[in-house]
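Visitor: The listed protein sequences correspond, in order, to chains A and B. Numbering of the first sequence is given in the numbering used here, commencing with residue 19 and proceeding in unit increments. Numbering of the second sequence is given in the numbering used here, commencing with residue 411 and proceeding in unit increments. Ideal Cβ placement from N, Cα and C applies to all residues, glycine included. Take this structure first; my questions come after.
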Amino acid sequence: MARATIAGVQTAAIETLRVGARRKGWQRAPEPALVRAAQRGSAEAFAELFRRHWPRAHRAAWLVVHDATAAEDVAQEAFLAAVRSLDRFDRGRPFGPWLHRIVVNRAIDYARAREQRREVAEAVDAAAPEDREVPGDDVIAALAALPPDQRAVIVMRHLLGFTPGEIARALGLPRGTVNSRLRRGLDGLQEVVER
Amino acid sequence: MRDALERIPLPDADAAQVRAWAVVADAYDARTRAPRRGHRRARVLAIALATALVAAAVAVAAEPPRWVRHALGEHHATVAPRAQLGPLPPGRLLVSSRNGTWIVQRDGTRRRLGPWTGATWSPGGLYVAAWRGRSLNAVAPDGRVAWTWRAFGTVRDAVWSPDGYRIAYRRDDVLAVIAGDGTGARVLARPIAPVAPVWRPGAPHTLAWVGADGRVEVRDVDTGALMWRSATRVPGARALAWSADGHRLIARGPSRVVVFDLAGRRAWRVRLPRGAQVTAAAWAPRGDRVALTVRVAGATGVYVTRSARVPRRPIFTTSGTLRSLAWSPDGRRLLVRWSEADQWLLLSPAAPQRVTAIGGIARRFGPEPAVEGWTRSPA
């Protein structure tokens, strides 16, 4: 059996992820069917859920925490929480928003904790200078300049497609607070994005 | 706006997905295994068959010497590995492989700290000193980096002093020390042998290392005062380890184990069978016992001794290679990695028949996973 090699890591797990779902035809299956099959023990269906939702969950986490290792952990822990709660998951609810809410809440917790920590400034590695020409770098810089709470609502609204009301419920905030954070965050970002 | 956010390239995204899937798939697999009895029976049968085949192959391929054969317990060949990491004995494990460093909790959940090549716990388990290339870092258990020091060479074998105020590390043949807040790095000695230095318990800034000539040296790193330098050489020394009370120091070479007393005299030399190689040695947390893995003629045994004499019966024997010997913080269990089987084995010195095997270690952590430390859980 051929095995995929990514970043020097040879693993059969990723093969399940890529091939399993295609073999069983899960790629075109609607999400409720995937959740139901995953609840019944179909590893292929669960792999398809992971394949569909990992990229966005990982991206959302990274945009909030701006730390590759932390983003990976945040998104990974959200999926582990999903596995733990899979049996109790209400199939009538959409899986993605439920997962993304966990991701964003964990990412906010992480980003807040990091901001409160005092670092030894001169010893901490600065961002690699060769990264300066990466596409989207100006957006990253503008996003990084925002407080974590504003980053989170921007990511939820504009990457994950939550409505302000859904963001308010997911984060346990008044809707007015969400709107004001969105407005303040966008003031800084809009100029960069439209440039 | 959405396009802008979607276009931002994420660092290491593909590899992150692979790593995450390996972990998440494990968790899903563990969740589904329990209720599905048919699958479970098939899996148990498959494991039993595979174990029998491996045992048969081993029996044909390797003929261990008599003293090992005498000691072999039949139960050792029939330990079926479990898939879940947890539950483990109380405490938190630090594991490093070529894919990074992880903290493993008692229930088996784990967190990847980062792409470090090695790591060590701080004395209270509040931080980890982790290194990669020229950088030495203090990392919180949630992965946050508190400080980074850029050394003048590749950092290896960092160890945190018992009071947390110093970290000693090797770079090439240089022994250096840095304060626990990442400041004041300075060279202590050169040239030294490629052996991790060890801090003496109970004497916060007293460090032992092996010089390039194979002699063990113990100094106070703040004053530079020499406590002792051993007359006995340990050629090809691989590791040092202090007993918990700081009164004895083990120096392990490839084929000898020497125990030094408080004055640097050779207190005892462990008598090993001819041709034996000691692949690991570790003091029990209370310092009353030493665990050794001894390999001879293709068989490896785990021995626990209170004296210079290696007991006749090991607590575990295998024809494979055993690495990463570590005592649980309560001193009740020994964890050792069985390389060929890709398993961790949890051994009980007090009840050798009680062996727990945990499979898929390299699959979880990456190639050559090493247990770097096992600390108590925070109160």
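#1: Looking only at C-alpha atoms, which of Ala-686/B, Val-704/B, Arg-681/B sits nearest to Ser-717/B?
#2: Could you give the first and the last residue of the continuous beta strand (DSSP E) run that contains Ala-589/B?
#3: When you check each C-beta in the region 90-102 of chain A against every C-beta of chain B, which residues fall closer than 7 Å?
#4: Within 8 Å of any Cβ in chain A, is that where the Cβ of Met-411/B sits?
#5: Give me the Cβ distance between Ala-61/A and Tyr-438/B, rounded to the nearest whole Å; I'm assuming they're in contact under 8 Å.
#6: Under 8 Å, Cβ to Cβ, is there at least one residue of chain B near Met-19/A?
#7: Got a sec: which bits of the region 172-200 of chain A sit with their beta carbon under 9 Å from any beta carbon on chain C, in order along the chain?
#8: Look up Leu-52/A in the DSSP assignment and say whether it is helix, strand or coil.
#9: At a CB distance below 9 Å, what residues from the region 420-431 of chain B approach chain A? Give them in sequence order.
#10: For the candidate residues Gly-741/B, Gln-753/B, Thr-715/B, Pro-721/B, whose alpha-carbon lies nearest to that of Thr-728/B?
#11: Measuring alpha carbon to alpha carbon, tell me which of Gly-194/A, Gly-114/A, Val-92/A ends up nearest Leu-177/A.
#12: Rounded to a whole number of angstroms, what is the C-alpha to C-alpha distance between Ile-418/B and Arg-54/A?
#13: Any heavy atom of the ligand HEM within a distance shorter than 7 Å of the CB on Gly-783/B?
#14: With burial defined as no fewer than 16 other Cβ atoms inside 10 Å of the residue's Cβ, what is the status of Asp-424/B: buried or exposed?
#15: Distance check for Leu-420/B and Trp-116/A, CA to CA, integer angstroms please.
#16: Using 8 Å as the cut-off, can you tell me whether the region 91-110 of chain A makes contact with the region 153-173 of chain A, which would need three or more C-beta pairs spanning the two stretches below that distance?
#17: Which residue comes first and which comes last in the alpha helix (DSSP H) that contains Leu-420/B?
#18: If the criterion is Cβ atoms closer than 8 Å, does the pair Ala-649/B and Arg-662/B meet it?
#19: What are the boundary residues of the beta strand (DSSP E) that includes Met-637/B?
#20: Out of Ala-578/B, Trp-737/B, Arg-684/B, which has the shortest C-alpha to C-alpha gap to Ser-758/B?
#21: Would the region 576-588 of chain B count as touching the region 538-547 of chain B if we require 3 or more Cβ pairs under 8 Å?
#22: If you run the structure through DSSP and keep just helix, strand and coil, what is Gly-785/B?
#23: Between Trp-116/A and chain B, is the shortest Cβ-Cβ distance under 8 Å, so that the two count as touching?
#24: Just to make sure I have the definition right: I need the residues of chain B whose C-beta is within less than 8 Å of the C-beta of Leu-81/A. Which are they?
#25: Is DSSP giving Thr-715/B helix, strand or coil here?
#26: What residue range is occupied by the uninterrupted beta strand (DSSP E) comprising Val-83/A?
#27: Can you find a C-beta in chain A that's less than 8 Å from the C-beta of Tyr-438/B?
#28: Which residue comes first and which comes last in the alpha helix (DSSP H) that contains Ala-170/A?
#29: Using a cut-off of 7 Å between C-beta atoms, extract the partners of Val-626/B located in chain A.
#30: Return yes when the Cβ of Leu-504/B is within less than 8 Å of the Cβ of Val-555/B, no when it is not.
#31: Which of the three DSSP states, helix, strand or coil, is assigned to Gly-621/B?
#32: How many angstroms separate the CA atom of Val-433/B from the CA atom of Ala-86/A?
#33: What number of angstroms, rounded off, separates the C-alpha of Gly-634/B from the C-alpha of Ala-529/B?
#34: Considering only the beta carbon of each residue, do Gly-674/B and Val-628/B sit closer than 8 Å?
#35: Assign Gly-770/B to one of three DSSP states: helix, strand, or coil.
#36: Which residue marks the beginning of the beta strand (DSSP E) containing Leu-682/B, and which one marks its end?
Guide: Once the coordinates are examined:
#1: Arg-681/B
#2: 584-589
#3: Within the region 90-102 of chain A, the residues whose Cβ lies closer than 7 Å to any Cβ of chain B are, in chain order, Glu-90, Asp-91, Ala-93, Gln-94, Phe-97, Leu-98, Val-101.
#4: When Cβ-Cβ separations below 8 Å define contact, Met-411/B makes contact with chain A.
#5: 6 Å
#6: In this prediction, Met-19/A has a pLDDT of 31, which is less than 50 and means its spatial position is unreliable; nothing more can be read from the coordinates.
#7: Chain labels in this structure do not include chain C; the protein chains are A and B.
#8: helix
#9: Here the close residues are Leu-420, Pro-421, Asp-422, Ala-423, Asp-424, Ala-425, Ala-426, Gln-427, Val-428, Arg-429, Ala-430, Trp-431.
#10: Gln-753/B
#11: Gly-114/A
#12: If you take the alpha carbons of Ile-418/B and Arg-54/A, they lie about 33 Å apart.
#13: This structure lacks the ligand HEM; in fact it carries no ligand of any kind.
#14: exposed
#15: Cα-Cα distance, rounded: 23 Å.
#16: no
#17: Taken as a continuous stretch (DSSP letters only), Leu-420/B belongs to no alpha helix (DSSP H), as it is neither H nor E.
#18: Taking a C-beta distance under 8 Å as the contact criterion, Ala-649/B and Arg-662/B qualify as a contact pair.
#19: Met-637/B -> beta strand (DSSP E) spans 636-643.
#20: Per the Cα distances, Trp-737/B.
#21: Yes, the region 576-588 of chain B touches the region 538-547 of chain B.
#22: Looking at the sequence shown, residue 785/B is not Gly but Thr. In the structure shown, Thr-785/B sits in a strand (DSSP, three-state: E or B).
#23: no
#24: Near Leu-81/A (Cβ distances below 8 Å), the residues of chain B are Leu-415, Ile-418.
#25: Three-state DSSP puts Thr-715/B in a strand.
#26: Not the beta strand (DSSP E): Val-83/A falls in the alpha helix (DSSP H), residues 61-83.
#27: yes
#28: Here the alpha helix (DSSP H) through Ala-170/A covers 166-176.
#29: At a C-beta separation below 7 Å, Val-626/B has no neighbours in chain A, since its nearest C-beta there lies roughly 32 Å away.
#30: Going by beta carbons, Val-555/B and Leu-504/B fall outside the 8 Å limit.
#31: strand
#32: 17 Å
#33: 26 Å
#34: Taking 8 Å as the Cβ cut-off, Gly-674/B and Val-628/B qualify as a contacting pair.
#35: Of the three classes helix, strand and coil, the one that applies to Gly-770/B here is coil, per DSSP.
#36: From DSSP, Leu-682/B is part of no beta strand (DSSP E); its letter is neither H nor E.
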